[in-house]
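K.L.:
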Amino acid sequence: MSSRTRYFLSSRVYSASAPDGAPGTVVVELPAGTISAVHPRLLERPAGTQDDDWVDVGDKWLLPGLVDAHVHLNEPGRTEWEGFETGTAAAASGGVTTVIDMPLNAIPPTTTVANLHTKLAASEGKRHIDVGFWGGVIPDNAADLQPLAHEGVKGFKAFLCESGVDEFPGINEQQILAAMKELNEAKSLFLFHAELDNPASQQHGHGHADPAAYSTFLDSRPPSLEESAIDLIIRCAAQFPSLRTHIVHLSAASALPALRRARNDLKLPMTVETCFHYLTLSAEEIAQGQTLFKCCPPIRAASNRDALWDALLAGDIDFVVSDHSPCVTELKKLDEGDFMGAWGGIGGLGLGLSLLFTEAHKRGVEMRRVLEWVASTPAKQVGLEGRKGAIVEGADADFVVFDPQESFTIRKSELHFKNRASPYEGLTLTGAVRSTYLRGKQVYSRDTGFKGVESESDGKTLL
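To convert a position in the sequence shown, counted from 1, into the numbering used here, add 488.
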């Protein structure tokens with residue numbers, strides 16, 4: 489295939505050299521799909537340049553492609569919940585050009601090299617964007633961890649409570665330490681779902697409390713479950729002070745003081761993420777029986793949401809992810825409105841940038857900070873700094889064309905993930921993704937839809 493040059497121009501390019509946005513031209517070499525130059529001005533069109541190689545987006549913003557480091561794609565095994573085809577398409581519609589797939593909810597889970605290969609095979613020909621993989625830690629797979637690390641997974645996730653699926657059990661303190669030894673030797677990253685099971689707090693009834701009341705579910709997952717889990721993780725991590733550890737989907741702001749001490753006083757290399765739903769939704773707005781809002785850990789009060797924003801701005805929380813964890817709609821028990829029996833997980837892949845931009849705008853937070861949280865920092869977390877998450881020479885030409893002025897209302901018919909049920913439905917947001925480019929080629933347009941998965945533009949697996 490012959491090489492050619494493609495030019496992207498915008499009155500506001502958010503590049504590594506202009507993090508607050510400035511007029512610019514980004515030059516991309518095809519078919520490699522890498523950035524060869526970033527010019528701090530609008531270039532004149534070279535003679536002979538084909539129309540499709542001159543992409544002038546005018547007053548719309550050119551952003552780096554997003555990296556969502558916490559997504560459940562569920563294929564194979566639970567593909568009726570979500571799959572590579574629909575999940576990566578939904579991600580592309582929201583400007584996400586790289587996702588890292590969680591090890592559970594697929595069958596088999598990503599807990600052995602053989603299982604990883606099964607998942608890789610299932611993804612072939614279905615990836616609209618680039619996909620990486622987390623490995624999993626379960627009670628009996630310590631011997632599998634280093635082989636999985638050498639195979640290229642980005643790190644390993646474990647639950648300190650029951651995960652909700654039988655094939656991915658939670659682990660105890662002894663098993664945490666055994667896994668830490670293996671992962672420390674592999675120089676990998678250990679991720680934790682940080683809630684400790686508390687049987688007394690998780691009784692369905694709470695006496696005779698109404699299971700359709702959100703307060704009943706919220707009382708069953710108090711902040712103390714996150715606090716005690718994080719205390720345990722810190723205690724274990726202190727025995728392996730060079731091992732990188734990470735708290736996924738932090739919900740309880742009350743756990744932040746312990747995390748600050750671990751990072752600042754103990755100097756542990758610990759990172760923290762939170763989710764779009766914890767930063768944009770609140771318990772007070774969840775009505776009777778609205779089980780689409782159920783997730784674990786739960787969406788908490790508006791005051792807790794404000795404290796998470798403060799921590800994000802202060803750097804105590806490192807980045808933001810979707811934790812897209814869908815299921816078939818029947819498992820949400822919408823007819824019964826049963827919070828205690830419904831599957832816990834939020835469907836929202838592809839909506840995160842607009843959700844976060846809308847909320848950030850209300851709070852006077854500039855786009856530069858938003859892009860740190862959804863692009864450059866998660867890219868660094870998964871070992872893709874310099875390749876993903878920033879518009880910089882040498883990186884993949886992954887771009888988002890974003891209209892900061894466009895408002896839209898989230899409608900079920902316009903969602904792209906497989907089971908179109910989301911607590912975000914009906915929200916009106918400001919800031920819309922107009923198109924998404926992967927390695928310099930358009931994979932999504934808000935006007936014309938998806939370009940399909942072709943051999944030339946097929947998303948790669950990042951191993």
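Backbone N, C-alpha and C fix where the C-beta goes; we use that ideal spot for every residue, glycine too.
#1: Could you compute how far the alpha carbon of F647 sits from the alpha carbon of I659?
#2: Who are the near neighbours of I805 in its chain, counting only those whose CB is closer than 6 Å to its CB and skipping five residues on each side?
#3: Out of A790, L844, H681 and E517, point me to the one whose CA is closest to F807's CA.
#4: Out of G840, F905, L915 and A848, state which residue places its alpha-carbon closest to the alpha-carbon of G583.
#5: Assuming A740 contacts P711 under a Cβ cut-off of 8 Å, what Cβ separation, rounded to an integer in Å, is found between them?
#6: Would you report the Cα separation of L903 and V653, rounded to the nearest angstrom?
#7: V816 by DSSP, collapsed to three states: which one?
#8: Which residues in the same chain as L780 place their Cβ atom closer than 7 Å to its Cβ, once the five residues preceding and following it in sequence are excluded?
#9: Less than 8 Å separating the beta-carbons of F656 and A667?
#10: Are the region 877 to 890 and the region 496 to 511 in contact at 8 Å, needing three or more beta carbon pairs?
#11: Could you check which residue in L550, I588 and V555 has the C-alpha nearest to that of L561?
#12: Please state whether the Cβ-Cβ distance between L604 and L636 is less than 8 Å.
#13: My output table needs one value for M668: the three-state DSSP class, helix, strand or coil.
#14: Per DSSP, what are the beta-bridge partners of E517 in this structure?
#15: I'd like to know if the region 744 to 758 and the region 786 to 793 are in contact, where contact means that at least 3 CB-CB pairs between them fall below 8 Å.
#16: Taking the straight line between their C-alpha atoms, what separation do you get for F728 and I718?
#17: For S498, which three-state DSSP category applies?
#18: Short of 8 Å in beta carbon distance, which residues of its chain neighbour T576, apart from the five on each side in sequence? Order them along the chain.
#19: For D850, count neighbouring Cβ atoms within 10 angstroms of its own Cβ and tell me buried if that reaches 16, exposed if not.
#20: Applying the 10 Å Cβ sphere with the 16-neighbour rule, what's the burial state of K675?
#21: Measuring straight from C-alpha to C-alpha, what distance separates E847 and G874?
#22: Would you tell me roughly how many angstroms separate the C-alpha atoms of A609 and R529, rounded to the nearest one?
#23: In the DSSP assignment, find the unbroken beta strand (DSSP E) run with G620 in it and report its ends.
#24: From this set, P627, V526 and I722, which residue's C-alpha is nearest M758's C-alpha?
#25: Tell me the rounded alpha-carbon separation between S505 and V515.
#26: Can you pull the DSSP bridge partners for H681?
P.N.:
In short:
#1: In the sequence shown, the residue the question calls residue 647 occupies position 159. In the sequence shown, the residue the question calls residue 659 occupies position 171. Rounded to whole angstroms, F647 to I659 spans 6 Å at the Cα level.
#2: Counted from its first residue, the sequence shown places residue 805 at position 317. Here the set comprises V760, T762 and A799.
#3: Within the sequence shown, numbered from 1, the residue matching residue 807 stands at position 319. Of A790, L844, H681 and E517, the residue nearest in Cα terms is L844.
#4: Numbered from its first residue, the sequence shown carries residue 583 at position 95. Residue G840 is the option with its Cα nearest to G583.
#5: Mapped onto the sequence shown, residue 740 falls at position 252. Mapped onto the sequence shown, residue 711 falls at position 223. At roughly 4 Å, the Cβ-Cβ gap stays under 8 Å, so A740 and P711 are in contact.
#6: Looking up residue 903 in the sequence shown gives position 415. Looking up residue 653 in the sequence shown gives position 165. Rounded to whole angstroms, L903 to V653 spans 26 Å at the Cα level.
#7: As a first step, residue 816 must be located in the sequence shown, where it is residue number 328. DSSP places V816 in coil when its eight states are reduced to three.
#8: Taking the sequence shown and counting its residues from 1, one reaches residue 780 at position 292. Hits under 7 Å: K820, A909, S910 and P911.
#9: Counted from its first residue, the sequence shown places residue 656 at position 168. Counted from its first residue, the sequence shown places residue 667 at position 179. Contact flag unset, no.
#10: yes
#11: Locating residue 561 in the sequence shown gives position 73, where the first residue counts as 1. It is I588.
#12: The residue you call residue 604 lines up with position 116 of the sequence shown. The residue you call residue 636 lines up with position 148 of the sequence shown. Closer than 8 Å, so yes.
#13: In the sequence shown, the residue the question calls residue 668 occupies position 180. The answer is helix: DSSP assigns M668 an H, G or I state.
#14: The count along the sequence shown starts at 1 and reaches residue 517 at position 29. DSSP, once it has assigned bridges, lists T493 and T522 as partnering E517.
#15: no
#16: Residue mapping note: residue 728 aligns to position 240 of the sequence shown, counting from 1. Residue mapping note: residue 718 aligns to position 230 of the sequence shown, counting from 1. Roughly 15 Å separates the two Cα atoms.
#17: The residue given as residue 498 occupies position 10 in the sequence shown. Looking at S498 - three-state DSSP - the assignment turns out to be strand.
#18: In the sequence shown, counting from the first residue as 1, residue 576 sits at position 88. Closer than 8 Å at the Cβ level, and outside the excluded window around T576, lie L561, V587, K614, R615, H616, I617, V619 and G947.
#19: Translated into positions along the sequence shown, residue 850 becomes position 362. Reading off the sequence shown, one finds Lys at residue 850, where the question assumed Asp. Result: exposed.
#20: Residue numbering aside, residue 675 sits at position 187 when the sequence shown is read from its first letter. Classification for K675: exposed.
#21: In the sequence shown, the residue the question calls residue 847 occupies position 359. In the sequence shown, the residue the question calls residue 874 occupies position 386. Roughly 28 Å between the two C-alpha positions.
#22: Here residue 609 refers to the residue found at position 121 when the sequence shown is read from its first residue. Here residue 529 refers to the residue found at position 41 when the sequence shown is read from its first residue. Taking the straight line joining both Cα atoms gives about 44 Å.
#23: Counted from its first residue, the sequence shown places residue 620 at position 132. Start and end: D618 to F621.
#24: For the purposes of this step, residue 758 is taken as residue 270 along the sequence shown, with counting starting at 1. That would be I722, whose Cα lies nearest to the Cα of M758.
#25: Counted from its first residue, the sequence shown places residue 505 at position 17. Counted from its first residue, the sequence shown places residue 515 at position 27. If you take the alpha carbons of S505 and V515, they lie about 15 Å apart.
#26: Taking the first residue of the sequence shown as 1, we reach residue 681 at position 193. In the DSSP output, where bridge partners are listed per residue, H681 has F647.
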